[in-house]
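For what it's worth, the numbering used here labels the leading residue of the sequence shown as 30, then goes sequentially.
Ideal placement from N, C-alpha and C gives every residue a C-beta, glycine not left out.
No experiment lies behind these values; they were computed from the predicted model shown.
A short worksheet on the structure shown next.
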Amino acid sequence: MNARLLVCVALAVVGLLRVNAAPAASRQQSPVASRWLRGMTLRDRIAQLLVVPCYGEDPAQISEQYKRYTHYVRNLHVGGFIVINRVVQGTVRNAEPHAMASFLNRMQRLSKVPLLMAADFERGASMRVSGTAKYPHLMAYGAANDLALTRQLGADTAKEARALGIHWVFAPDADVNSNPDNPIINTRSFGEDPQRVAQHVNAFIEGTQADPLNRVLATAKHFPGHGDTDIDSHMELPSLRANRARLGQVEWLPFRAAVQAGVDAVMSAHMSAPALDPAGVPATVSPTVLTGALRQELGFRGLIVTDAMDMQGLTKQFPGGEAAVRALQAGADVLLMPPDPEAVLKAVEAAVKSGRLTQKRIGESALRVLAAKATVGLHRSKLVRIEAITDTIESPAFAEHAQLAADRGITVLRNKDQAIPLKAPASSCFWILAESRYGQGGRKMGEEIRQRSKQTPVFALDPLVPDTEIHALLEKSTQCEANVVAAFATSGAYKGNVSLAGGYPMLVAALQERSRTPLILVAVGTPYLLRAFADVPSYVTTFSSTPTAETAAVKLLFGEIRSSGRMPVSLPGLAAIGDGL
């Protein structure tokens, strides 16, 4: 795509996007926010810029955890909390919805100024909260390419969030995933086509703003664009090597769309962008990126929130207090998950006293935070009704929307000899290659298979299974009418890459050698898995690893649905955007 065409596409998309929300700048003119601000000391105003983490549990009042949380609220007067996952023995544990809401209510009662509660609800509340609808990853929505589905995701997410006591969702992901080796964005993105990503970003934001009673703050992330990188910013500092022309025509197209749609917040990335700032510092602490590009060039007037400040892409460059000061100097408003909130408070206060920051600058950011609280009506009501949670999050409509999106997104790229749907499901063998021995991946798929055919052999493996056991299973499975390999491979923090582990590649290769037996590889998660198995005869990709994606795969293989998804990304030398059977 040449530069002139890209510019035309950018102008067309921005021109066609509907603006259905008040510009962020106008929402700052809040009398409630101004009143709150007038009653605050400098230290209180700085504290409003801090959003600290919690696990969404309701800890005992005598626990150190509870004492820490209450200290943040009563003594530090922080601006809000972000609900994060707890990891126990390598397994991610989501928050229990009622306990989480009860805890958030308790914190709200302790706070004089309402707290802004946030969460990474990129695919609905299920990303952080159990018992909620399992919406697929955004790339599945890109494959379905139905803006109504994406708009519904935004609306459902807003309703779930408000029922749980969450007002700020760190979604949608506005990154254009053009790098197949991206270990951290990948299926979190709507895809590789900047125009398509922009349209879906706009649709999601529209959904979050559709119901005034369930209004949440939406966040476009990760500026200036994290899609063309191959390093996880949780571990190191990635670098976006695109020139300014490319940034404006590709990476920024979805962010421009978000600004036009009245997005409430933009999250910065801990990555360098030499074309914007030759110093090579993280965008989070770069004035040329946050103020020059985002504020002045893109015209954004809402909240700028940093990515988590405990990520090594930032901490390896600057210590916590210094990083916070530099982020505020650069133009950030909210400091997300500072490793030591008290140290950050002291560092920022000292920076004001020394002249590195001004009281006016702190006041501007504090006013934006307070105006955001007023936007979601926290001056009217800051508590949620615990007894009403179940009716909302267990809505059959939400589950139907989630499954429909997964069904519409699943894509068949190859289908040699019409192996899909299976001609003899009962005598076909399913090999479920889970990413972890202790995770949930593959369990739903096994259940769905057995519901349809109790005779179907299902081999559930994990990366710790020794090669000898895999060879033994291969010897027992010589009579399979077809082999279906469901390979789970997903992006995630601290993984470093997205690939098959253990003896899995050997297993796939061994099954490929059985040329007379149809082999179907189902990539449950990243679509880029085909690059490692370029000769596989039949290939399906779900773009997601959620239970709904697992169900969609089984429905497809058993002939209950047809594939209507189309590739939202390219696989160099193997598939182009728009491919699908």
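Residue i versus residue j: straight-line alpha-carbon distance, rounded
| i | j | result |
| --- | --- | --- |
| Met136 | Leu412 | 10 Å |
| Ala50 | Leu365 | Any reading at Ala50 must be qualified, since the residue scores a pLDDT of 46, below 50, and its modelled position is unreliable; the value itself is stated next. If I take the Cα positions, the gap works out to 25 Å. |
| Asp145 | Thr497 | In the sequence as presented, Asp is not what sits at residue 145; that position holds Leu. Going by the C-alpha atoms only, they are around 53 Å apart. |
| Leu540 | Asp210 | 26 Å |
| Gln278 | Ala247 | 23 Å |
| Pro597 | Glu221 | 6 Å |
| Arg285 | Phe427 | 29 Å |
| Tyr170 | Asn208 | 19 Å |
| Arg74 | Ala89 | 30 Å |
| Leu46 | Ala172 | With a pLDDT of only 44 at Leu46, under 50, the local geometry of the prediction cannot be trusted, and the value read off the model is given with reservation. In a straight line, the C-alpha of Leu46 is about 20 Å away from that of Ala172. |
| Ala582 | Thr216 | 17 Å |
| Lys345 | Ser262 | 11 Å |
| Ala154 | Pro60 | 32 Å |
| Ala400 | Val121 | 34 Å |
| Thr70 | Leu176 | 45 Å |
| Leu105 | Ala372 | 11 Å |
| Glu86 | Ile195 | 14 Å |
| Ala39 | Arg324 | Note on Ala39: pLDDT 44, under 50, position unreliable in the model; the coordinate value appears next. Each residue's alpha carbon lies about 18 Å from the other. |
| Gly384 | Ala356 | 15 Å |
| Arg479 | Lys141 | 54 Å |
| Asp420 | Asp293 | 28 Å |
Selected residue, minimal CA-CA separation from residue i, among the options
| i | options | result |
| --- | --- | --- |
| Asn134 | Ala489, Glu416 and Ala605 | Glu416 |
| Glu476 | Ile461, Arg466, Ser573 and Ala563 | Ile461 |
| Asn512 | Ile449, Thr555, Ser410 and Arg481 | Ile449 |
| Ile333 | Val318, Pro223, Pro209 and Asn272 | Val318 |
| Phe132 | Leu193, Gly171 and Phe150 | Leu193 |
| His500 | Ala294, Gly153, Val537 and Ala516 | Val537 |
| Ala403 | Trp197, Leu357 and Pro303 | Trp197 |
| Val112 | Leu105, Tyr84, Val102 and Gln90 | Tyr84 |
| Trp281 | Met264, His263 and Ala302 | Ala302 |
| Ser394 | Ala271, Gln358 and Gln224 | Gln358 |
| Leu23 | Leu266, Ala434 and Arg481 | The first residue shown for the chain is 30 and the last is 610, placing residue 23 beyond what the model contains. |
| Ile418 | Val102, Ala130 and Val288 | Ala130 |
| Phe252 | Val288, Arg244, Thr237 and Pro126 | Val288 |
| Leu139 | His127, Asn114, Phe587 and Tyr101 | Tyr101 |
| Arg414 | Pro82, Pro126 and Cys458 | Pro126 |
| Asp257 | Asn206, Gln341, Val245 and Phe219 | Asn206 |
| Val314 | Met474, Leu327, Gly331 and Gly342 | Gly342 |
| Ala515 | Gly108, Leu490 and Leu600 | Leu490 |
| Asp149 | Glu189, Arg595, Pro143 and Ser574 | Glu189 |
| Gly438 | Thr237, Leu610 and Val80 | Leu610 |
| Pro241 | Ala227, Arg191 and Phe233 | Arg191 |
| Pro82 | Asn114, Leu66, Gly68 and Lys96 | Asn114 |
| Leu568 | Gln181, Ser574, Glu579 and Val553 | Reading the sequence as shown, one finds Tyr at residue 568 and not Leu. For the residues Gln181, Ser574, Glu579 and Val553, the minimum Cα distance to Tyr568 belongs to Val553. |
Cβ-based burial, residue i [other Cβ within 10 Å; buried from 16]
| i | result |
| --- | --- |
| Gly602 | exposed |
| Asp446 | exposed |
| Ile549 | buried |
| Ile213 | buried |
| Tyr612 | With the chain covering only 30 through 610, there is no way to say anything about residue 612. |
| Gly9 | It is not possible to answer for residue 9, since the shown part of the chain is limited to 30 through 610. |
| Val116 | exposed |
| Glu429 | exposed |
| Ala604 | buried |
| Ala124 | buried |
| Ala298 | buried |
| Ala379 | exposed |
| Ser55 | Here the model assigns Ser55 a pLDDT of 44, short of 50, so the residue's position is not dependable and the matter cannot be decided. |
| Ser92 | exposed |
Boundaries of the alpha helix (DSSP H) in which residue i is found, first to last residue
| i | result |
| --- | --- |
| Val226 | Pro223 to Gln238 |
| Met129 | Pro126 to Leu139 |
| Gly438 | Pro425 to Gly438 |
| Leu71 | Leu71 to Ala76 |
| Arg191 | Leu176 to Leu193 |
| Arg64 | Pro60 to Arg67 |
| Asp420 | Ile418 to Ile422 |
Beta strand (DSSP E) segment containing residue i, residue limits
| i | result |
| --- | --- |
| Thr161 | It is not in any beta strand (DSSP E) - Thr161 carries neither H nor E in the DSSP assignment. |
| Pro82 | Leu79 to Cys83 |
| Lys250 | Thr248 to Phe252 |
| Val112 | Gly109 to Val112 |
| Val373 | Counting along the chain, Val373 falls outside any beta strand (DSSP E), though it belongs to the alpha helix (DSSP H) covering Pro370 to Ser383. |
| Ala147 | Leu145 to Ala148 |
| Arg122 | Thr120 to Arg122 |
| Val117 | Arg115 to Val117 |
Below-7 Å beta-carbon distance, residue i vs any chain D residue
| i | result |
| --- | --- |
| Val381 | Absent from the structure: chain D. Only one protein chain is present. |
For the segment 459–527, list the beta strand (DSSP E) runs that are entirely contained and at least 3 residues long, ordered along the chain. 487–490 and 512–518
Which whole runs of the beta strand (DSSP E) in the segment 274–306 are 3 residues long or more, in chain order? 294–297
Ignoring anything shorter than 4 residues or poking outside the segment 301–361, list the alpha helix (DSSP H) runs there in chain order. 341–344 and 349–359
Quick check for students: name the residue ranges of the beta strand (DSSP E) that lie wholly in the segment 541–581, counting only runs of 3 or more. 548–554 and 567–570
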